[in-house]
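Following: one structure in structure tokens, then a few remarks.
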Amino acid sequence: MSTPLEMPPSERIAAELVQRINDGRLRPGERIVEQALADEFGTSRGPVRDALKVLAARNWIDLLPRHGARVAHRERAPALETALIGAAMLGLACRFAVTKARDAEVEAFFARVRRVVQLGRDEAASAEAFAAAAREAGYYVIALADNRCIDDIIGPVPRGALSGYAAPAVASVEARLEAAQRWEALAVAFRLRDPVRAEAAGRAIVEAALQRMLLAQLQAAGGA
Numbered sequence: 727m728s729t730p731l732e733m734p735p736s737e738r739i740a741a742e743l744v745q746r747i748n749d750g751r752l753r754p755g756e757r758i759v760e761q762a763l764a765d766e767f768g769t770s771r772g773p774v775r776d777a778l779k780v781l782a783a784r785n786w787i788d789l790l791p792r793h794g795a796r797v798a799h800r801e802r803a804p805a806l807e808t809a810l811i812g813a814a815m816l817g818l819a820c821r822f823a824v825t826k827a828r829d830a831e832v833e834a835f836f837a838r839v840r841r842v843v844q845l846g847r848d849e850a851a852s853a854e855a856f857a858a859a860a861r862e863a864g865y866y867v868i869a870l871a872d873n874r875c876i877d878d879i880i881g882p883v884p885r886g887a888l889s890g891y892a893a894p895a896v897a898s899v900e901a902r903l904e905a906a907q908r909w910e911a912l913a914v915a916f917r918l919r920d921p922v923r924a925e926a927a928g929r930a931i932v933e934a935a936l937q938r939m940l941l942a943q944l945q946a947a948g949g950a
């Protein structure tokens, strides 16, 4: 069984590119240089090309003859459908992970949740740090689920898309505290080995983040 940190290079590159597109580090029309990515990720150009093919198939980038890869013109925020699919798949991943995880793996998950909770309670912690810790815990659950269908659906592109709104969804201290409580609920479900409870808790984490993000967007639009 692989861990989140052992994703194949092509998946890791694809997820990172989607995240950069979402947060604006890569802008529509911007060129993506294969060799630069290969150097950055310490790999050959083969995995980079595989990642670009996946992203082109999902319309995140355009592969143009003689011009290479460029960021496609599209909304940076993930589509609602993508977010809801991600919520459902994370819920199922939690359900399977609870039944498959060994005791040592449950403890390893607890360690990740403790980090999420610590950052959630630390008023000085940044939203980005909290979101990164939450993603690490979520990726670990997906690895524990060890389900090819789930991993294919929630794979590098949805993971990257969901990560694009994680930080905005926990921008306030109150939001981070609420999110930390939801992670604690998931940890309790793991401790109890309750798959139904774990699935509900996993879905709630993503759905609550989406709700906070949409609310923030409405508030921003109302103040414009």
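Each number in this note's numbering corresponds to the 1-based position in the sequence shown with 726 added.
Glycine included, every Cβ here is placed at the ideal spot set by N, Cα and C.
Note that this is a predicted model, so its numbers are computed, not measured.
Classified as buried, Gly846 has 16 or more neighbouring CB atoms from the shown chains inside 10 Å of its CB. Taken in chain order, the complete beta strand (DSSP E) segments of 3 residues or longer contained in the region 736-794 are 787-790. Rounded to whole angstroms, the gap between the alpha carbons of Leu778 and Ala911 is 37 Å. Scanning the region 816-881 from its first residue to its last, the whole alpha helix (DSSP H) runs of 4-plus residues come out as 829-847, 853-871 and 874-879.
Within 10 angstroms of the beta-carbon of Arg919 lie fewer than 16 other beta-carbons, which makes it exposed.
Minimum Cα-Cα distance from Trp786 among the listed residues Ala741, Gly928 and Val839 corresponds to Ala741.
Proximity of the region 896-914 to the region 843-857 meets the contact definition, three or more beta-carbon pairs being nearer than 8 Å.
Here DSSP, grouped into helix, strand and coil, assigns Arg796 to strand. Here DSSP, grouped into helix, strand and coil, assigns Pro921 to helix. Of the residues assessed, Pro773 falls on the buried side of the cut-off, its CB having 16 or more other CB atoms within 10 angstroms. In terms of Cα proximity to Leu936, the closest of Arg923, Ala901 and Arg917 is Ala901.
In the three-state scheme derived from DSSP, where H, G and I count as helix and E and B as strand, Val914 is classed as helix.
For Val896, the secondary structure class from DSSP, reduced to helix, strand or coil, is coil. Just so you know, the alpha carbons of Arg775 and Gly794 end up roughly 10 Å apart. With distances taken between CA atoms, Arg838 lies nearest to Val867 out of Val867, Thr769 and Arg929.
Taking the Cβ atoms as the reference, Pro754 lies roughly 7 Å from Ala798, within the contact range of under 8 Å. In summary, Gly750 is exposed, with fewer than 16 beta-carbon neighbours lying within 10 Å of its beta-carbon over all protein chains present.
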